[in-house]
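In full-length UniProt numbering, the protein residues as written are 1 to 78.
Written as structure tokens, this is what we have:
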């Protein structure tokens, strides 16, 4: 039986902290940074629970600026 494993990469310099990805994530993997800002002065999205990501791509779909790239792999269970 295989399980989907996901990972996201956020282009932090382009992220404007709109929080659409935070709301869209069904596994609560994403949060906005606290006390950190990007080059434009915005708090940005980051993966706070990367091991919980299933690669559903909901975050990447809702991102209006296309800042999130989602990767998916199958993990084989022995």
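Using N, Cα and C, we set each Cβ at its ideal position, and we do this for glycine too. Bear in mind the structure is a predicted one, so any value in this text is a computation, not a measurement.
Those residues which DSSP pairs with residue i across a bridge
{"i": "residue 47", "result": "30"}
{"i": "residue 4", "result": "74"}
Which of helix, strand or coil DSSP assigns to residue i
{"i": "residue 60", "result": "helix"}
{"i": "residue 39", "result": "coil"}
{"i": "residue 9", "result": "strand"}
Identity of the residue in the options nearest residue i by Cα
{"i": "residue 75", "options": "19, 51, 32, 21", "result": "51"}
{"i": "residue 67", "options": "36, 47, 5, 35", "result": "47"}
{"i": "residue 42", "options": "2, 17, 71", "result": "17"}
{"i": "residue 26", "options": "77, 73, 34, 58", "result": "58"}
{"i": "residue 53", "options": "32, 71, 2", "result": "71"}
Neighbourhood of residue i by C-beta, 6 Å cutoff - its chain only, sequence neighbours within 5 removed
{"i": "residue 65", "result": "14"}
{"i": "residue 20", "result": "62"}
{"i": "residue 28", "result": "none"}
Contacts around residue i, its chain only, beta-carbon distance under 7 Å, and the 5 residues preceding and following it disregarded
{"i": "residue 12", "result": "38, 44"}
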